[in-house]
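In full-length UniProt numbering, the protein residues as written are 1 to 157. Take a look at the structure set out below.
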């Protein structure tokens, strides 16, 4: 056990980041083992477009819970790789609509069986005495009602 593990909740952000990095790294290895050229960071955008088919940049940002700049950066990367394409909205020239390209749809088709195996495996990992996903949802709900900074500020006065 290292110092970060020992200090518990004070290192919550560090521990979540460590867990996230491990899952991301192993996720990349899983895709590679199935001979799929795919970065885990692309997942939220690609999966969302697979389900919703056509969305604006703002709608994608809202669906995946990322900031507008982070979403745009991911979209640029995916567009460069020809996994997604964009077109202007006929009803609003300022708005860009994003869709999966045929290459993107082909990628999704290749990944679907892998997603099933990953989902079942992640369910096993998360399903412990204190269900990880449920705990994360509860923490997110608390932060939605009052942010971490706000809570610390109130307690330190």
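Think of the CB as a built atom: it goes at the ideal place given N, C-alpha and C, for glycine as much as any other residue.
| Check | Outcome |
| --- | --- |
| Cβ pair residue 82, residue 110 closer than 7 Å | no |
| Bridge partner(s) assigned by DSSP for residue 87 | 97 |
| Uninterrupted beta strand (DSSP E) stretches inside the UniProt domain "HTH marR-type" (9-154) (no shorter than 3 residues) | 54-56, 84-88 and 96-100 |
| Three or more C-beta pairs below 8 Å linking the segment 36-48 and the segment 107-121 | yes |
| Residue 24 beta carbon less than 7 Å from that of residue 40 | yes |
| Residue closest to residue 87, alpha-carbon to alpha-carbon, out of 54, 66, 50 and 122 | 54 |
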